[in-house]
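> With positions in the sequence shown counted from 1, the corresponding number in my numbering is that position plus 588.
For each residue, glycine too, the CB sits at the ideal point set by N, CA and C.
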Amino acid sequence: MAKNPNRRGIGRRVFSSQDKEKLTESFQWLRWMIIIFVTFGVLILRSFGGSEALSVGDISNEDIYYEGSTLSYMSDVKYEQAREAVKEQVNDIYELDQTKITEVKERLASFVSELAEAKDADEADRSSLYESLLGDDYSADLGATLDAVSVDRLYQLETDFNSMLDQLYAPGIRESDMDAFQEQFLHQIEDGNYSEGEKQILNAYYTAAKLEANSIYDEEATESILEARLSEVQPVEVTVRPGQIVVQRGTTVTEEQVEMLNKTGLAEHDKNFLYYPGIFLYVLCLYFLIYIYCRRFFPYYAYDNHGIRFLGAFLVGFLILCQTIMVVTYSMNGTLYSVLGYLLPLPALAIVLTTMINQRFSYFLVAIASMFLAVMTLSQPAYLIVTLISSLFTVHMVGRIRERYQLVAFGFYIGIINVVLILCMGFIGDQNTTTMVIASVVGLAGGFLSSLLALGVIPIAENKFSMNTPMKLMELSNPGHPLIKRLMTEAPGTYYHSVLVGNLAEAGADAIGADSLLVRAASYFHDIGKLERPQYFVENQEPNMNPHEKLTPSLSTLIIISHVKDGVEMAEDYDLPQAIIDIINEHHGNSVVRYFYHKAKEMADNPDEISREAFSYPNPRPQTRESAIVMMADSVQAALQSQSIRSRGDMEARIHEIIQAQLNDGQFEECDLTFRDLHKIQEAFVNVLSGLSHYRIAYPSLTPKGERMLADRLKKKMGDVKGISYLVNEDLTNQTDFVDLSGDENLPSVSDGEEATDMPLDGTTDNTAMKRNQTDEN
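1) What do you reckon, are the CB atoms on P1141 and A1188 nearer than 8 angstroms?
2) I'd like to know if the region 1092 to 1112 and the region 1219 to 1227 are in contact, where contact means that at least 3 CB-CB pairs between them fall below 8 angstroms.
3) Determine, using beta carbons only, whether I1436 and V954 come nearer to each other than 8 angstroms.
4) Indicate the three-state DSSP secondary structure (helix, strand or coil) for V824 in the structure shown.
5) Which whole-angstrom value is the C-beta distance of N1056 and A901, which I expect to be below 8 angstroms?
6) In the DSSP assignment, what are the bridge partners of M662?
7) Could you have a look at S1204 and say whether DSSP puts it in helix, strand or coil?
8) Looking only at its chain, what residues have a beta carbon closer than 6 angstroms to the beta carbon of L1040, apart from the 5 residues adjacent to it on each side?
9) Between the C-alpha atoms of A533 and D664, what's the straight-line distance to the nearest angstrom?
10) Buried or exposed for Q1225, please, with buried defined as at least 16 other CB atoms from any protein chain shown within 10 angstroms of its CB.
11) Rounded to whole angstroms, what is the Cα-Cα separation between A797 and E778?
12) Quick check: what's the CA-CA separation for I1116 versus D1154?
13) What residue does the beta strand (DSSP E) around S698 start on, and which one ends it?
14) Output the distance between the C-alpha atoms of L854 and Y654, rounded to the nearest integer angstrom.
15) With DSSP as the reference, label Y863 as helix, strand or coil.
16) Give every residue of the same chain whose Cβ lies closer than 6 angstroms to the Cβ of L1064, excluding the five residues on either side of it in the sequence, and list them in chain order.
17) May I ask which residues mark the beginning and end of the beta strand (DSSP E) holding S803?
18) How would you label Q1270, buried or exposed, when you count the other beta carbons within 10 angstroms and need 16 or more for buried?
19) Helix, strand or coil for T982 per DSSP?
20) Does S716 pass the burial test, meaning 16 or more other C-beta atoms within 10 Å, or should it be called exposed?
21) Determine whether the beta carbon atoms of N1207 and G1254 lie at a separation below 8 angstroms.
22) Going by the CB atoms, is the gap between L745 and L790 shorter than 8 angstroms?
23) Is it right to say E676 is buried, meaning 16 or more other beta carbons lie within 10 angstroms of its own, or is it exposed?
24) Note down the Cα distance separating R829 from F868, rounded to an integer number of angstroms.
25) Is S1337 helix, strand or coil when you go by DSSP?
26) Could you have a look at R762 and say whether DSSP puts it in helix, strand or coil?
27) Round the Cβ separation of R1209 and E1245 to the nearest angstrom and send it over; I've been treating them as touching at under 8 angstroms.
28) Which of helix, strand or coil does DSSP assign to A855?
29) Note down the Cα distance separating V630 from L1037, rounded to an integer number of angstroms.
30) Please tell me whether C1259 and R1213 are closer than 8 angstroms, where the distance is taken between their beta carbons.
31) In the DSSP output, what is T840 paired with across the bridge?
32) Let me confirm a value: Q557 is counted as buried when at least 16 other C-beta atoms fall within 10 Å, else exposed. Which label applies?
33) From L961 to Y667, what distance separates their C-alpha atoms?
34) Return the residue from the list V963, F886, K1052 and I1072 that minimises the CA-CA distance to G866.
35) Beta-carbon separation of I939 and A1042 under 8 angstroms?
36) Identify whether I973 lies in helix, strand or coil by the three-state DSSP scheme.
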């Protein structure tokens, strides 16, 4: 019974490509969030081993000593205290405003003048005028007094009032003193030699005059003097030395002591609700920097789940190890507290990242990792400074390492850098000699431990994450690898071809700054799929023994293109790095097997019915520069091996033709190659092949008599060596490299300027035209 292809299994969901893409993207963000939260957890679990949290006014229940290296800091508390003392010493500046007393007198004069006019009014209107002028101060008694007092007396009382004003205003009256001034003025009126009615009139004058302060605060002048005095206040430096007591048991904690506890790292952070969001936002910001950097320069580590796992595993593992070291360090007292932090393995992270990725990425991530360490080393910044600088040196130097054993010796260089930096920090911090010596020993040990840690981690990471390190690539290039040994014995022609492709590809990679170790290793393995059927590929065939002559073009094409799929499967079985597997899969792209494609069209009744896709490799085009270089090197080496190249110019033209054909075919559209890169690669290929090709004079075919004559000459020059006839018959032209036959007039010769050919001495060719074309395709 046939199965319905549209039928879905019970409980099984059919995912579309969009569903899978969304699911993959979700996993990416999920992994990033897991890394962020784990890092957050590692950082908040830190312990400083310090005192209980103390605030100003608390009573300390223990003696707190400082046991680090000599520390100096600028005290904000003492500086502010000095500034406050200056502020108290500077008096406010007041300026005497003479216009104020003038305004008071003018208001009084106007009032008295109106009062005099009211006295001259009709008796019926006089009371209403008094009431409007005096307001609440008006009374019948005061009205009667005004009627009884003469106008001259009113003006005399005004003069007396002004005299009192001049006397009391003379020293200047501030706004803050107005209440006392008014009270004093009223007392002076009360104590004056006046009748009760005149005192009432003077009090009415007081109300109408509306007294004001005449000593005005000069804010600008005061601030100017204050700023000048405050600018003279110098920062206050406080020095804390090892063994110094910071807080005594049973004493009240002062503001200066709280500051000293914070500066020395002896004060625990209060784990209030703001502490945890602060650490989380700090972690989030750092990982956001990592993400945008990777997205711009290393997308694999931003988007690919495999790359994200690699990055997260190393960062989180590194931070856990560092946190463990710092927990132990802060639990110590005395000298150990001051030195154990130099074991922080930041150089190990630098070695691993530089070896497994590159220097550019390592510089960035080491800087970010040091920012995480900054949270752990708040009380001992020397730990961070020493490990960061030594790690940057490590990134610079480790790029030259190609063998694993070099890492052990490299630990010594890291240790020496640590010692130099530790001594510098000791001199700056005025540490005692004993502490510096112990710290130097720890720093030296830290260098060795970092190199040993990297040496142990790198092989695990190579296998777990299929990463390509220079060391692994060098090992893969070793002829002792099982696949390479199989090529030597089962497909020697393919092996020789692969070695030559490796030489070309390495030169091309060096020319444009690509990964030359990767392209060499990938070149050695790019044709391992031919091990399944080596006799079907021209480089492994005996003369006049071509099995394709008995096959149809379509079947031959299937056999030819299958070596890519077979190679990928074999590479996966032998756990080759993914980058090499990708190059194996892409080294022919989706190009056409031209020889069999054209042969099929020649054999077909209707050539237009022959599908180009049926004779094309069903593989992706090169995605990286390295993959494209291997493709070019493979095609160039195969083509030039099967053709007669008479000069360097011919070689340049043929190489340009091959690369141009691949470019026109769109094979390089998906990798980051420029026209400048292609030109450099072409020049590198020409230089390598020119070195491998020795253009010699071509010797015409010899008759049997001529061969015997030449053999006789060789015997005379070389002696009666066993097998000389074999050497002569096998390759006479090659023997001229070792035997000087010049000047022998009996030897056949060619005219000057005649170039050598690849024609064997017997006048026949080793390869048929079909083999030449097959070589181009293979």
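This is what the structure holds:
1) Cβ atoms of P1141 and A1188: closer than 8 angstroms.
2) They touch, by the three-pair rule.
3) In the structure displayed, the chain extends from 589 to 1366; residue 1436 sits before or after that span and is not available.
4) V824 sits in coil when the DSSP states are folded into three classes, being neither helix nor strand.
5) Their Cβ separation, rounded to whole angstroms, is 17 angstroms, which puts N1056 and A901 out of contact at 8 angstroms.
6) Bridge partners of M662: E825.
7) Reduced to three states, the DSSP call for S1204 is strand.
8) So the list is empty, once near-sequence residues are dropped.
9) For the chain, the structure presents residues 589 to 1366; residue 533 sits outside this window and is missing.
10) Q1225 counts as buried, since no fewer than 16 other beta carbons sit within 10 angstroms of its beta carbon.
11) Answer to the nearest angstrom: the Cα atoms are 17 angstroms apart.
12) So the two alpha carbons sit approximately 8 angstroms from each other.
13) No beta strand (DSSP E) holds S698; the alpha helix (DSSP H) holding it covers Q686 to K707.
14) Straight across, the Cα-Cα distance linking L854 with Y654 is about 8 angstroms.
15) Helix, per DSSP.
16) Contacts found: A1109.
17) According to the DSSP assignment, S803 belongs to the beta strand (DSSP E) that extends over S803 to Y805.
18) Per the 10 Å Cβ criterion, buried.
19) Under the three-state reduction of DSSP, T982 is assigned to helix.
20) S716 comes out exposed.
21) Not in contact: N1207 and G1254 (Cβ atoms no closer than 8 angstroms).
22) Between L790 and L745, the gap from beta carbon to beta carbon is short of 8 angstroms.
23) Looking at its Cβ environment, which holds fewer than 16 other Cβ atoms inside 10 Å, E676 is exposed.
24) Between the C-alpha atoms of R829 and F868 there is a straight-line separation of about 34 angstroms.
25) Per-residue confidence for S1337 stands at a pLDDT of 33, beneath the threshold of 50, marking its modelled position as unreliable; no derived number is given.
26) Note: R762 maps to strand in three-state DSSP.
27) Rounded, the Cβ-Cβ distance is 20 angstroms, inconsistent with contact.
28) Here A855 sits in strand by DSSP.
29) So the alpha carbons of these two residues sit roughly 22 angstroms apart.
30) A contact, by the Cβ cut-off of 8 angstroms.
31) BP columns for T840 point to I647.
32) For residue 557 there is no data in the structure shown, the boundaries of the chain being 589 and 1366.
33) In this structure, the CA atom of L961 is about 31 angstroms from the CA atom of Y667.
34) Closest in C-alpha terms to G866, from the list V963, F886, K1052 and I1072, comes V963.
35) Going by C-beta atoms, I939 is nearer than 8 angstroms to A1042.
36) Collapsing the DSSP output to three states places I973 in a helix.
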